[in-house]
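Below: the structure, in C-alpha cells.
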Amino acid sequence: MRRLLRDRRGLFGVVVLAAALVFAAAAPLVTRGDPNAQRDIVATRFVAPLSSDATGVYHVLGTDRFGRDVWTRLVYGARVSLGVGLLAVLISIALGVTVGALAGYGRGPVPLALLGLTDFALAVPRVVLLLLLAALWRPSTALVIIVLGLTGWMSVARLVHGEVRALAARPFVEGAVASGARRLRVLVRHILPNALTPVIVAAALGVGNAITLEASLSFLGLGVQPPTPSWGNMIASGRDVLVNAPWVATAPGAALVIVVVACTLLGDAVRDALEPSVVSHQPVS
Amino acid sequence: MLTRLAARALAGFGVVAGVVTLTFFALRFAPGDPVEHLLGSAATAEQLAVQRHVLGLDRPIPVQYTAWVSRFVRGDWGISIAKGRPVRTVLADAWPATVRLVGLSLLLSYLLGIAVGAVQAHRQGSRTDTALSVITVTLFAVPGFWLGLMLVMVFTYWARVLPAFGAAGLDADYLTTWGRIVDGLRHMALPLATLTLIGIGGSARFIRGAMMDLSSQPFVTTAHAKGLSPWCVTWRHTLRNALTPVVTLLGLSLPTLFSGAVLVEAVFAWPGVGRVLVEAVQARDYPVVMAATAVSAGLVVVGNLLADVLAAWLDPRIGMRHA
Numbered sequence: 035m036r037r038l039l040r041d042r043r044g045l046f047g048v049v050v051l052a053a054a055l056v057f058a059a060a061a062p063l064v065t066r067g068d069p070n071a072q073r074d075i076v077a078t079r080f081v082a083p084l085s086s087d088a089t090g091v092y093h094v095l096g097t098d099r100f101g102r103d104v105w106t107r108l109v110y111g112a113r114v115s116l117g118v119g120l121l122a123v124l125i126s127i128a129l130g131v132t133v134g135a136l137a138g139y140g141r142g143p144v145p146l147a148l149l150g151l152t153d154f155a156l157a158v159p160r161v162v163l164l165l166l167l168a169a170l171w172r173p174s175t176a177l178v179i180i181v182l183g184l185t186g187w188m189s190v191a192r193l194v195h196g197e198v199r200a201l202a203a204r205p206f207v208e209g210a211v212a213s214g215a216r217r218l219r220v221l222v223r224h225i226l227p228n229a230l231t232p233v234i235v236a237a238a239l240g241v242g243n244a245i246t247l248e249a250s251l252s253f254l255g256l257g258v259q260p261p262t263p264s265w266g267n268m269i270a271s272g273r274d275v276l277v278n279a280p281w282v283a284t285a286p287g288a289a290l291v292i293v294v295v296a297c298t299l300l301g302d303a304v305r306d307a308l309e310p311s312v313v314s315h316q317p318v319s
Numbered sequence: 276m277l278t279r280l281a282a283r284a285l286a287g288f289g290v291v292a293g294v295v296t297l298t299f300f301a302l303r304f305a306p307g308d309p310v311e312h313l314l315g316s317a318a319t320a321e322q323l324a325v326q327r328h329v330l331g332l333d334r335p336i337p338v339q340y341t342a343w344v345s346r347f348v349r350g351d352w353g354i355s356i357a358k359g360r361p362v363r364t365v366l367a368d369a370w371p372a373t374v375r376l377v378g379l380s381l382l383l384s385y386l387l388g389i390a391v392g393a394v395q396a397h398r399q400g401s402r403t404d405t406a407l408s409v410i411t412v413t414l415f416a417v418p419g420f421w422l423g424l425m426l427v428m429v430f431t432y433w434a435r436v437l438p439a440f441g442a443a444g445l446d447a448d449y450l451t452t453w454g455r456i457v458d459g460l461r462h463m464a465l466p467l468a469t470l471t472l473i474g475i476g477g478s479a480r481f482i483r484g485a486m487m488d489l490s491s492q493p494f495v496t497t498a499h500a501k502g503l504s505p506w507c508v509t510w511r512h513t514l515r516n517a518l519t520p521v522v523t524l525l526g527l528s529l530p531t532l533f534s535g536a537v538l539v540e541a542v543f544a545w546p547g548v549g550r551v552l553v554e555a556v557q558a559r560d561y562p563v564v565m566a567a568t569a570v571s572a573g574l575v576v577v578g579n580l581l582a583d584v585l586a587a588w589l590d591p592r593i594g595m596r597h598a
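Protein chains in written order, with the numbering used here: chain A, 35 to 319; chain B, 276 to 598.
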C-alpha cells in the first residue's frame, strides 16, 4: 500500500477516486437542493458557469435548459455512474472468480464446459449484445448494472483460471492437500487468496470501463433514464445545446474522463506494485 | 496444424450458431413488436393480426427459427420489416461507409500509436515519456461520443470549418468529381479524428508496455553490446519484436470494421452499420438484427482465428492455441 502511494499514478488514482466517492456520498452537503428541481425556467435556464441567475442564486457550473444546477446534477450523477460501475464490476468479479476457480481446480467435465462457456461469451460481440439487451427490455438503472455485469466477467475468469492452474502445482498447495484438507477448502483458503492480484488490477480497469459503457448506453437513451442524472444522459442532454450552453455536455464528460483516468492509473500502479507484467492492457473500443 | 485449424474453425462455427440462436430467442421473448412499430398506434387488432400473418410472425417460434436458419444459410437474409428492402441491400449499402471510416482510423491509430509508443520506450522515464503518458492515458479514457461532441463544438460551431453530420453534403450530387472527394474528406475528418485519437491512446500504451517488457531481454543487451546506436536498437530490434502482438490485436479488431463505431456513427449521423443496427434494434426489425448479429459473431470468430494463425506464422515458437 505504501509503495502504491509513493507511485505518482497510484496517488493520483486513490485521491481522485476517494474525492469522487466522498462527494457522491455527501451529495446533499456539497450541493444545494434537489438535482431535479425546476424553478422559474425562463429566469434560470442556461446560466453560464461562475455566475448568478436572475433570482440571485450562484451556479458554479451553470444551469441546463430547465434551469437545473449542473454542479448538483453532476454530483448526484456521480452517485449513479460510480454506483453502476462498482456494482457491475462486483457482479463480473464474483462471476469471473467463481467460473475461473472452478475451471482451474474442478475435475471431470466441469472445467471443459466452463472454459467453453467463457470462450463462447467472449465471442459474442459485446456492443451488439449491450444494444440488444438494453433496447429489448425497458431501460432502467438495475438493467444496466446487470447487463454490464453479465458481459464483463470473461476476462476475469480467464485470468483466475490461469492463476489457479499455476498455483495448484505449487508446493504449499500440495502440502495443504497432503494434510488432508478437502478440495473446496484448499481452493478457497489456500489458492484463491493468492490468485487475486490480477483480479484487483482487472477490477480497477473494469470500473473505468463500466462507467464508460454506462455513459454510452445512457447517451443512446438505453441506460439510466432522465430525470435521474447520470453522466451519460447529462452529456446526451447537452448535445442539443452545444452552441449556446457548451458547459452542459462538457462538465459531465470531463468528470468522466478524470475518473476513468484515475481508475486506469490506479490499475497500472497496483500491477507494478504487486506483481510486474501480469495483465496486458488491451485497448477498449 | 491443419487439424487444429479445422477444430478451431468447427468450434467457431458452433459459437456463431449459439450466438445466433440465443439472439433469435431473446428477440422473440423480449417485449416489443415490430408490427406495432410498422403500423403505428392507430392500427386495429385485426390489421395487426393480418400484418403478423403476412410476415409469418404468427407461426410457432421454433418453426420461425428453423425457417430463418434454412433461408439464412442459403443466402436469403429476408426483408427488413421496417424498411421493406432486402436485408442484404440494407447492410451492403451501409457497410462501405463503416469500413472506410473504421479501416482508415485503425490504420492511422496503429501507425501513430506505434510511433508514439516507440518514442516513449526509447526515452523511458524522460519528461517526454511522462508527458506522452499523460496524453495517451487520457485519450484511452475519453468516451468516443463525448470526444466527438467536443470536436463538433470546436470545429463546427466555433471555428465553423468542418461539417458535423453525415458522409456528404446536400449538394454533393451537383459537385465535380474533385469537389465530391473534398466534400467527402471534409465530412469524414471529425469522425475519423475521434476514432483515431482514441485508438492512439490504446495502441501507444500497448506498444510502450510491450517494448519495456522486451528491453531487458538478452537480444537487446546483445544489440547494445555490438555497439549499435540506441536509436537503431529501439527501431530495428526492440520495436520489430514488439509488433508481433500488434498483429494479434489487428486480427481481434476485424469485427470493429463492421460494428465498431456504433456510438461515433450515432454522434455524426454517419450512414454506416452502427446506425442501421441502432435503428433496427429500436424498431424490433428482426431480420436486420439477426443478420447483423450473425455477421458480427462470424467476424469475431474469424478475427480470433486469423490473429492466432498470423501470430504463429510470425513467431513459430507460439504455435496454435488449442480449440
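By construction, the Cβ of each residue, glycine as well, lies at the ideal position given by its N, Cα and C atoms. Note that this is a predicted model, so its numbers are computed, not measured.
Item                                                                                                                   : Value
Nearest to B:Gln-395 (by Cα), restricted to the options B:Leu-525, B:Gly-378, B:Trp-506                                : B:Trp-506
According to DSSP, residues forming a beta bridge with B:Ile-354                                                       : B:Pro-361
Per DSSP, cross-strand counterpart(s) of B:Thr-249                                                                     : There is simply no residue 249 of chain B to check, as chain B begins at 276 and stops at 598 in what is shown.
Distance, B:Ala-479 Cα to A:Val-312 Cα                                                                                 : Confidence is the limiting factor: at A:Val-312 the pLDDT is only 42, short of 50, which leaves the residue's position unreliable and the question unanswerable from this model.
Among B:Leu-574, B:Ser-571, B:Ala-586, B:Asp-560, nearest to B:Thr-353 - alpha-carbon criterion                        : According to the sequence displayed, residue 353 of chain B carries Gly and not Thr. Checked all of B:Leu-574, B:Ser-571, B:Ala-586, B:Asp-560; the closest Cα to B:Gly-353 is B:Asp-560.
B:Ala-324 at chain A interface by Cβ criterion, 8 Å                                                                    : no
Buried or exposed (CB count within 10 angstroms, at least 16 for buried), A:Glu-197                                    : buried
The stretch 197-211 of chain A / the stretch 75-88 of chain A touching (three or more Cβ pairs under 8 Å)              : no
Run of the alpha helix (DSSP H) containing B:Val-294, from where it starts to where it stops                           : 277-304
Nonlocal neighbours in the same chain, by C-beta distance under 6 Å from B:Leu-472, ignoring five residues either side : Leu-414
Proximity of A:Ala-303 and A:Val-118 at Cβ, strictly below 8 Å                                                         : no
Short CB-CB distance (under 8 Å) between A:Gly-287 and chain B                                                         : yes
According to DSSP, residues forming a beta bridge with A:Ala-97                                                        : The amino acid occupying residue 97 of chain A in the given sequence is Thr; Ala does not appear at that position. Per DSSP, A:Asp-103.
Residues that DSSP places opposite A:Tyr-92 in a beta bridge                                                           : A:Ser-86
Residues in the stretch 556-577 of chain B having any Cβ partner in chain A nearer than 9 Å                            : Val-556, Gln-557, Arg-559, Val-564, Ala-567, Thr-568, Ser-571, Ala-572, Leu-574, Val-575, Val-576
Beta carbon of B:Ser-491 nearer than 8 Å to that of B:Thr-513                                                          : no
8 Å contact criterion, which A:Ser-271 and A:Glu-248 should meet: CB distance rounded                                  : About 15 Å separates the two Cβ atoms, so there is no contact after all.
B:Ile-336 to B:Arg-303 span [Cα, whole Å]                                                                              : 8 Å
Minimum Cβ-Cβ distance from A:Ile-180 to chain C less than 8 Å                                                         : Among the protein chains in the structure shown, which are A and B, there is no chain C.
Residue of A:Leu-221, A:Leu-166, A:Gln-259, A:Thr-246 minimising C-alpha distance to B:Val-417                         : A:Thr-246
Proximal residues, the stretch 250-283 of chain A versus chain B, C-beta separation under 7 Å                          : Ser-250, Phe-253, Leu-254, Ile-269, Arg-273, Leu-276, Val-277, Pro-280, Ala-283
Cβ-Cβ separation, A:Val-275 to A:Arg-99 (assumed contact under 8 Å), whole Å                                           : 6 Å
B:Ile-475 vs B:Val-539 beta-carbon contact at 8 Å                                                                      : no
Uninterrupted alpha helix (DSSP H) stretches inside the stretch 462-543 of chain B (no shorter than 4 residues)        : 493-500, 514-517, 519-527, 531-534, 537-543
Closest Cα partner of B:Ser-355 within the set B:His-312, B:Leu-379, B:Ala-434                                         : B:His-312
Per-residue DSSP class, three states only, for B:Arg-349                                                               : coil
Between the CA atoms of B:Pro-493 and B:Arg-483 - distance to the nearest angstrom                                     : 18 Å
Burial state of A:Tyr-110, where buried means 16 or more other Cβ atoms lie within 10 Å                                : buried
Neighbouring residues, chain A, relative to B:Pro-306 (Cβ below 8 Å)                                                   : Leu-170, Trp-171, Arg-172
CB contact below 8 Å: A:Ala-303 versus chain B                                                                         : no
Of the listed residues A:Leu-251, A:Leu-239, A:Val-277, nearest to A:Val-293 (C-alpha basis)                           : A:Leu-239
Where B:Asp-560 sits in the DSSP three-state scheme                                                                    : coil
Cβ distance (whole Å) where A:Met-188 is taken to contact A:Ala-229 below 8 Å                                          : Rounded, the Cβ-Cβ distance is 16 Å, inconsistent with contact.
Within chain B, partners of A:Thr-298 - CB distance below 8 Å                                                          : Val-412, Phe-415, Ala-416
Closer than 9 Å at the beta carbon, the chain A residues around B:Tyr-432                                              : Leu-276, Val-277, Pro-280
Test: B:Leu-538 CB closer than 8 Å to a CB of chain A                                                                  : yes
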